[in-house]
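Trainee: Heads up, the sequence shown is in the numbering used here, so the first residue is 2 and it goes up one at a time.
For each residue, glycine too, the CB sits at the ideal point set by N, CA and C.
In this text, all values refer to a predicted model and were calculated from it rather than measured experimentally.
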Amino acid sequence: MVFTFLFLGFISLLAIFCAKGQHVLKFHNQNFIRVKNTMVFTCLIFMVSMNAQNNDWENQEIISVNKMDASATSYSYTTESAAINGDRTKSEVLSLEGAWKFSFAADSKNRSLDFYKPDFDASQWKDIEVPSCWEMKGYGIPIYTNVVYPFTPNPPFIDRENPVGSYLKTFELPENWNEKQLVLHFAGVSSAFYLWVNGKKVGYSQGSRLPAEFDITKFATAGKNTIAVQVFRWSDGSYLEDQDHWRMSGIHREVLLLAQPKVNISDFFVRTRLDDTYENAVLQIRPKVKVTAGIDIKNWTLEAKLFDSESKNILNRPLSIAVDKIVNERFPPRDHVYFGMLQQELLNPKKWSAEIPNLYTLVLNILDANGKLVESRSTKVGFREVETVADGILKVNGKAVKLMGVNRHDHSDVGGKTMTREEIRKDVELMKQFNINAVRTSHYPNDVYFYELCDEYGIYVMDEANIESHGIGGQLANDPTWNASFMARVIEMVERDKNHPSIISWSLGNESGTGPNHAAAAAWVKDYDPTRFIHYEGSQGIPESPLYNSFYTKAYQKRYNKDMSNPTDPAFVDVISRMYPTLEQLEGLVNNPLIDRPIIACEYAHAMGNSLGHFEEYWNLIRANDKLAGGYIWDWIDQGIKQTDENGVDYFAYGGDFGDEPNLKNFCINGVVASDRTPKPQTHELKYVFQPIEFTAVDLAKGLVTIKNRFNFEDTKEYHFVWTVSEDGKEIQNGVVKDLGMEAGTSTDVRFPIKAIKPKAGKEYWLRVSMINNKETLYSNAGFEVAKEQFKLPYEKRVVAKNVSSKLTVVENEQEIIVGAKNFKVTFNAASGVLNGFNYKGAVLINSEIKANFWRPQTDNDQRGWKSHNLAKFWRNAADNLAMVSLHTEILQNGEVQITVEQAIKDKIQFKQVYTINDLGEIHVANNLSIEKSIEMPVRIGTTFNTPNSYNTMSFYGNGPWENYSDRSAAAEVDVFTGKVESFLHNYVKPQENGNRTEVRWLSLKNNKNSGIKIIGDKPLSISVWPWETKQIEKALHTNELKPNSYYTVNVDMLQLGVGGADTWSMKSLTIEKYRLNDKTYNYGYTITPIK
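(1) Go ahead and label Ala391 buried or exposed: buried means 16 or more other beta carbons lie within 10 angstroms of its beta carbon, across all protein chains shown.
(2) Three or more C-beta pairs under 8 Å: does that hold for the region 540-552 against the region 445-461?
(3) Check whether the region 160-168 touches the region 200-219, taking contact to mean three or more Cβ pairs, one atom from each stretch, closer than 8 Å.
(4) Which same chain residues, not among the five before or five after Arg497, have their C-beta less than 8 Å away from its C-beta?
(5) State the beta-bridge partners of Gly406 as determined by DSSP.
(6) Could you please give the first and the last residue of the uninterrupted beta strand (DSSP E) stretch that includes Arg810?
(7) For the alpha helix (DSSP H) that Tyr689 lies in, which residues bound it at each end?
(8) Thinking Gly641 and Asp414 are a contact (beta carbons under 8 Å), I'd like their distance in whole angstroms, please.
(9) Checking the sheet assignment: what are the DSSP bridge partners for Trp483?
(10) Output the distance between the C-alpha atoms of Met463 and Ala602, rounded to the nearest integer angstrom.
(11) Locate the beta strand (DSSP E) running through Pro154, then write down its first and last residues.
(12) Taking its Cβ as the centre, do 16 or more other Cβ atoms sit within 10 Å of Glu465, making it buried, or is it exposed?
(13) Report the three-state DSSP secondary structure of Ser1070 (helix, strand or coil).
(14) Just to confirm the assignment: which complete beta strand (DSSP E) runs, minimum length 3, are found wholly within the region 553-597?
(15) Name the residue from Ile425, Ala355 and Gln434 whose alpha carbon lies nearest to the alpha carbon of Asn398.
(16) Grab the span of the beta strand (DSSP E) containing Ser95 for me, first residue to last.
(17) Considering only C-alpha positions, which residue in the set Ser379, Thr293, Ile144 and Pro262 is nearest to Ala305?
(18) Using DSSP with H/G/I as helix, E/B as strand and the rest coil, what is Gly610?
(19) Is it true that the region 396-411 meets the region 360-379, where meeting means three or more beta-carbon pairs spaced less than 8 Å apart?
(20) Below 7 Å CB to CB, which residues in the same chain sit around Gln1033 once its five sequence neighbours on both sides are set aside?
(21) I'd like to check one pair, Ile918 with Leu930: are the Cβ atoms closer than 8 Å?
(22) By alpha-carbon positions, which one of Asn500, Ile473 and Leu509 ends up nearest to Ala489?
(23) Report yes or no: do three or more beta-carbon pairs, one from the region 846-855 and one from the region 831-838, lie closer than 8 Å?
(24) Could you give the distance in angstroms between the alpha-carbon of Asp122 and the alpha-carbon of Leu196?
(25) Among the residues of its own chain, which have a CB less than 8 Å from the CB of Ala905, if the five just before and after it don't count?
(26) Along the beta strand (DSSP E) that carries Tyr1087, what are the first and last residues, could you check?
(27) Within its chain, find whatever has a CB closer than 6 Å to the CB of Asp861; leave out the 5 residues flanking it on each side and keep chain order.
(28) Assuming Ser239 is part of the alpha helix (DSSP H), what are its boundary residues?
(29) On the DSSP letters alone, give me the boundaries of the beta strand (DSSP E) that Pro452 sits inside.
(30) How many whole angstroms separate the CB atoms of Val770 and Phe712, which I take to be in contact at a CB cut-off of 8 Å?
(31) Which first and last residues belong to the alpha helix (DSSP H) in which Asp297 is found?
(32) DSSP three-state call for Asp740: helix, strand or coil?
(33) Whose C-beta lies closer than 6 Å to the C-beta of Thr293 among residues of the same chain, with five residues either side of it excluded?
(34) Could you say if the region 667-682 and the region 758-774 meet the contact criterion of at least three C-beta pairs nearer than 8 Å?
(35) Can you tell me whether Asn871 is buried or exposed? The criterion is at least 16 other CB atoms within 10 Å of its CB, across all chains shown.
(36) Is the Cβ-Cβ distance between Gln61 and Pro151 less than 8 Å?
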């Protein structure tokens, strides 16, 4: 090895000398120049030959061997009716999923070398399920990392152990397939593999997220056949797969054997173009036909038919073209060929959009010279037009659309990167239920089934190439030896997915810098498919511009902080894409005169842990600006892996839990749905913000509300509007408004027939309006709520006056102050002055001090982002550091006892509590906090105490039902909610602040005898009740580590800092100004009362 490196070094120096010598002598000795040229050429040849000796999986110039060209997804049918139906199980397909024989080697040097041979005995090998990730089956470990490669970067080499999995599968070839072309289809293998059939080497492929197809016709035999596959965990392709997700390996998507006739439709491209009125359309089809040598195709025909949703052929006659004209198409020496080999104008076909996903079925048939059907294939077609260039606005079918999107990774909590079709469908159903209309396939092409569902259900898709070299930036994008890899990953994605109407954009990858390799890929795509816009967030900056600033300068950072421009983006992208912009940066982009394209936040609203704060403010801005086309939340699903501890308790694991190095811990836990696809509090917030109907109060006393239809295409005739009136959570009126057929984009005033209300003292009245489906849809039952709003009716809440004359006893000693009456006793710590006990009729209601509370268990945004432990560290132990300044006990004229305690941290904060107790056992607690100007902002203003966990039934009248915070409460509604305490918690994968409810008028905790404690706010409060304390939550790394106490912690707050979440690694993670606690004086109060 040392000799090799020395020799290569010598050869390199010799080549340099030769080149320099040529430059010096070129005018003096032509013969010597020829010698030098020969030496240089010889050196280069030697170096190339040395490079050619690299392993295939460590050679960026070897992408595949004997792999078939990429093509659109379709299946071969023997009848036209089967093709129309589109059930692929009725096509010529054999699934090879199930048990395969498997051998695992921890490093490639120990892999099996002869297992593919026909006489190999694999009886001692274990079975593994295919598809699957072998790490999820106990072989090796999954690795979660983001930027840092799992190996030391040295492209194209893998400088670490490289695990290898060897697979064997035996199958019987169907008898009627002996004369057919046989194609072995691997939908996804990570990251590189070799293939043998019946002991013969077929080929090689790399690239983990796209199909690899091999023609195995000459390798297969009648009857029994054996497939051998050897998969390498890492390859040079892994340098382009440095995405923020779990790194797992194996045959992780389906394996199919496809049969097709020797003359078959090998590929086809369908375009639908709308006219200037977006009414009429042109259907264009460009097919390819594969003909096995020796078959005469004279007078053979390819025909096309188009069927509607009721299987009615809408073409007057089939479109047709001679097969030999397709096969022998001539390409001119200049200019281009016309795209539409088959073409038909259609009058006003039904259009496809995410709102109304009308689909047609295109059937292509090959007929032989006698008119006999040889093969039939089909695909779904949607007529739609996507535009970005006219006026800087993203349009679909002529209407400006907003992308209410999410970034989606493949993830199963039990399968890792292998997903079942049921899980994929669940994703799409949930997205539709929660008003999500767009998906970015971050950061690689998804399984084809996902796109089929997006076509069917209606989702706008940004299809993203499997290219990310985050750990080494743009190094490979600027290296011409990697161009083929870039091009292959983009081209093969486009070729596979080109016929899906749901795909409106091609993305060139993610976080790979920018360079000629991106530009080359963009040029190919733009020429090949002008019907979709090209996206790539990394393509920023115009170095030729006099306004350009180099990336690593202060001038760049200053400008980027303002409007994220430098000064605009290269022409090869059609949209301006940015990650994690603040509201101010988005406004800066909108106001930048050099930004002339639609603006998309391809990643924003980082939903890690307890997050998605001030999300409504983002969408207020987006809806107010035509150039802002929306964006994609990061991200769709928590990437937790289900595990069970030694006590049988389930929890979700994340980076580092498997001993994986490197790892980024729980940075993979940032979905708006949980790892098992359970909706989270954030999911309800985004559903409300994304809802397609806007309700605005006009005259609530008369029940008059303006309803705006935000849909671009859909009217409201398929919906009903349901309304209710409630009194302090109790419904007292209701009704339904039907047949409100509002056209898309219009508004109307609607009067809901509220009957006159005679308001009662101390009561509040609320009008709730919602839009529901009036019939079943693909993703919901009839009656499913799509949009809603709640309005407080304009009735004065009159306070019920209390006249209490109390007779109380007060006992004071050195340890405590005891205030009591016949049925209760309240105790105070004489040293601190704080209430530390409350008993009523012999039952303990409060069994701890009522302490000041200025801290919360850190959220991910607090800890990883703005770092509250640094920027708000004063407050972490401030409550414990308070020292009593004074304590005063007074019996008021009406007999009530008032205890005033003043506490302080000298010259920093003063905290005053006034307890007023009457002989009903009611304790009013008035709190005042004063903060010195130099002290940083607290994260909460409140108090906390404990109560026995026998009071486990919780009710409250306030914002619910799901967890909410000051900056994430738009979707919450004021009502009375009741359940077990634990039902109001939200167990984030990494424990943190949770379970809060805002605008709470009162809270009660009851036992099974219906007695307990109630807290009533002078003004609405924020409350939460936990079976743990703050320190327990902060210490725990997983939910199974949280052991419930014998008491509940009750948090009663005036305010809590919003959760924020523009990102989770910088000051951007801090919530916006309006949700911060910047005041220096706070006053609030509440009453504690026993429930008799």
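Mentor: Looking at the coordinates:
(1) Within the sequence shown, the letter at position 390 stands for residue 391. Flag for Ala391 reads exposed.
(2) No, they do not touch.
(3) Contact between the region 160-168 and the region 200-219 is absent, because fewer than three Cβ pairs lie under 8 Å.
(4) For the purposes of this step, residue 497 is taken as the residue at position 496 of the sequence shown. Scanning its chain for C-beta atoms nearer than 8 Å, with the 5 sequence neighbours on each side dropped, one finds around Arg497 the residues Ala71, Ser72, Ala73, Thr74, Leu211, Pro212, Pro446 and Val449, in chain order.
(5) For the purposes of this step, residue 406 is identified with residue 405 of the sequence shown, where counting begins at 1. Paired residues: Ala439 and Tyr633.
(6) To locate residue 810, count along the sequence shown from 1; it is residue 809. Position check: residue 810 holds Thr in this sequence, whereas Arg was assumed. Segment Thr810 to Glu813, the beta strand (DSSP E) holding Thr810.
(7) Here residue 689 refers to the residue found at position 688 of the sequence shown. Here the alpha helix (DSSP H) through Tyr689 covers Pro682 to Phe691.
(8) Taking the sequence shown and counting its residues from 1, the one referred to as residue 641 is at position 640. Taking the sequence shown and counting its residues from 1, the one referred to as residue 414 is at position 413. Indeed they touch by this definition, with Cβ atoms about 6 Å apart.
(9) Walking along the sequence shown from the start, residue 483 turns up at place 482. Residue pairing of Trp483 in beta bridges, as defined by DSSP: absent, with no partner found.
(10) By 1-based counting over the sequence shown, the position of residue 463 is 462. By 1-based counting over the sequence shown, the position of residue 602 is 601. If I take the Cα positions, the gap works out to 13 Å.
(11) As a first step, residue 154 is located in the sequence shown; it is residue number 153 there, counting from the start. That run of the beta strand (DSSP E) goes Thr153 to Asn155.
(12) As a working mapping, residue 465 is identified with position 464 in the sequence shown. That one is buried.
(13) Numbered from 1 along the sequence shown, position 1069 holds the residue referred to as residue 1070. Here Ser1070 sits in helix by DSSP.
(14) Here the runs fully enclosed are 577-580.
(15) Taking the sequence shown and counting its residues from 1, one reaches residue 398 at position 397. Comparing Cα positions, the closest option is Ala355.
(16) Numbered from its first residue, the sequence shown carries residue 95 at position 94. The question names Ser, but residue 95 in the sequence shown is Leu. Note, Leu95: beta strand (DSSP E), Val94 to Ser96.
(17) Along the sequence shown, one-based indexing puts residue 305 at 304. Closest option to Ala305, judged by alpha-carbon separation, among Ser379, Thr293, Ile144 and Pro262: Ser379.
(18) What you label residue 610 is simply residue 609 of the sequence shown in a count that begins at 1. In the three-state reduction of the DSSP assignment, Gly610 falls in the coil class.
(19) No: fewer than three Cβ pairs fall under 8 Å.
(20) Working through the sequence shown from its first residue, we reach residue 1033 at position 1032. The residues are Leu1043.
(21) Your numbering for residue 930 matches position 929 in the sequence shown. Your numbering for residue 918 matches position 917 in the sequence shown. No.
(22) The residue you call residue 489 lines up with position 488 of the sequence shown. Here the closest residue by C-alpha is Leu509.
(23) Judged by Cβ distances under 8 Å, the region 846-855 makes contact with the region 831-838, as three or more pairs qualify.
(24) The residue given as residue 122 occupies position 121 in the sequence shown. The residue given as residue 196 occupies position 195 in the sequence shown. A straight line joining the alpha-carbon of Asp122 with that of Leu196 spans about 18 Å.
(25) Residue 905 sits at position 904 when you count from the first residue of the sequence shown. Excluding sequence neighbours, Ala905 sits near Leu883, Ala884, Val886, Gln911 and Phe912.
(26) On the sequence shown, residue 1087 is found 1086 positions in, with the first residue counted as 1. Here the beta strand (DSSP E) through Tyr1087 covers Thr1082 to Ile1092.
(27) Taking the first residue of the sequence shown as position 1, residue 861 is located at position 860. So the list reads Met609, Gly610 and Thr1065, once near-sequence residues are dropped.
(28) If you number the sequence shown from 1, residue 239 lands on position 238. Run containing Ser239: none; DSSP gives neither H nor E here.
(29) Position 451 of the sequence shown holds residue 452. Looking at the sequence itself, residue 452 is Tyr, so the reference to Pro does not match. Careful: Tyr452 lies outside any beta strand (DSSP E), inside the alpha helix (DSSP H) at Val449 to Tyr458.
(30) Here the question's residue 770 lines up with position 769 in the sequence shown. Here the question's residue 712 lines up with position 711 in the sequence shown. Not confirmed; about 17 Å, so no contact.
(31) Stepping through the sequence shown from its first residue, residue 297 is reached at position 296. Unbroken run through Asp297: none, as it is neither H nor E.
(32) Here residue 740 is taken as the residue at index 739 of the sequence shown, counted from 1. If DSSP states are grouped into helix, strand and coil, Asp740 belongs with coil.
(33) Taking the first residue of the sequence shown as position 1, residue 293 is located at position 292. Closer than 6 Å at Cβ, skipping near neighbours: Lys263.
(34) Taking 8 Å as the limit for Cβ pairs, the verdict is that the region 758-774 does not touch the region 667-682.
(35) Start at 1 with the first residue of the sequence shown, and residue 871 comes out as number 870. Answer is exposed; the Cβ neighbour count stays below 16.
(36) Mapped onto the sequence shown, residue 61 falls at position 60. Mapped onto the sequence shown, residue 151 falls at position 150. No, the Cβ-Cβ distance between Gln61 and Pro151 is not below 8 Å.
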